[in-house]
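Sequential numbering of the sequence shown, starting at 994, is according to this note's numbering.
C-beta atoms are modelled at their ideal positions from N, C-alpha and C, and glycine is treated no differently.
Remarks on the structure that follows.
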Amino acid sequence: MPMFSMDNMRKLKKFNSLATGKTWKMFIAFNAEAMSDGAISKKNKQLISLAAALTTQCPYCIEIHRENAKVCGATDAELAEVVFIAAAIRASSAITHGTHLIEHDE
């Protein structure tokens, strides 16, 4: 099986039986609560998650949050905009970290 096959996600069910104590169940509950409607809608939480996934470049997270965003009503235009937000964040990070490379003017 390829390293980044979505089929690997089926293995997550095993965590419930392999995890010590309540860790896995607590993670699932935390994740469900964090992604539920609140001050930020489910759709916007999925779009935020997708932008984060694009910046960390996790292929699983990208696919999962793209799919969830579409289920929550995200349009292709919104998904495209998320790509450019993520690109801007990554570029901004490189630029701001680049300030460590040059000497400070006194």
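Item to check | Endpoints, alpha helix (DSSP H) assigned at N1061 | outcome: As a first step, residue 1061 must be located in the sequence shown, where it is residue number 68. Counting along the chain, the alpha helix (DSSP H) containing N1061 begins and ends at 1052-1064.
Next on the checklist: Quick check: what's the CA-CA separation for E1056 versus E1096?
Outcome noted: In the sequence shown, residue 1056 corresponds to position 63, counting from 1. In the sequence shown, residue 1096 corresponds to position 103, counting from 1. When rounded, the distance between both Cα atoms is 42 angstroms.
Next on the checklist: Rounding to the nearest angstrom, what Cα-Cα distance links A1044 and E1060 in this structure?
Outcome noted: Here residue 1044 refers to the residue found at position 51 of the sequence shown. Here residue 1060 refers to the residue found at position 67 of the sequence shown. Cα to Cα, the separation comes out at about 13 angstroms.
Item to check | Counted within 10 angstroms of its Cβ, other Cβ atoms place Q1050 as buried (16 or more) or exposed | outcome: Within the sequence shown, residue 1050 is the residue found at index 57, counting from 1. So Q1050 counts as exposed.
Item to check | Element boundaries [alpha helix (DSSP H), containing I1033] | outcome: Locating residue 1033 in the sequence shown gives position 40, counting from the first residue. Note, I1033: premise wrong, no alpha helix (DSSP H); not H, not E.
Next on the checklist: Within 10 Å of its beta-carbon, does V1100 have 16 or more other beta-carbons around it, so buried, or fewer, so exposed?
Outcome noted: In the structure as shown, the chain starts at 994 and stops at 1099, and residue 1100 therefore has no counterpart that could be examined.
Next on the checklist: Less than 8 angstroms separating the Cβ of A1079 from some heavy atom of the ligand PLP?
Outcome noted: With respect to the ligand PLP, the structure offers nothing, as it holds no ligand at all.
Checklist entry - If you drop the 5 nearest sequence neighbours on each side, which residues of the same chain put their C-beta closer than 6 angstroms to that of K1035? => result Here residue 1035 refers to the residue found at position 42 when the sequence shown is read from its first residue. For K1035, where only same-chain residues beyond five positions count, the Cβ hits under 6 angstroms are C1065.
Item to check | Boundaries of the alpha helix (DSSP H) in which E1096 is found, first to last residue | outcome: Taking the first residue of the sequence shown as position 1, residue 1096 is located at position 103. Run containing E1096: none; DSSP gives neither H nor E here.
Next on the checklist: Short of 6 angstroms in beta carbon distance, which residues of its chain neighbour R1083, apart from the five on each side in sequence? Order them along the chain.
Outcome noted: The residue given as residue 1083 occupies position 90 in the sequence shown. The residues are T1048.
Item to check | 9 angstroms Cβ cutoff met for S1042 and M1028 | outcome: Here residue 1042 corresponds to residue number 49 of the sequence shown, with the count starting at 1. Here residue 1028 corresponds to residue number 35 of the sequence shown, with the count starting at 1. Contact flag set, yes.
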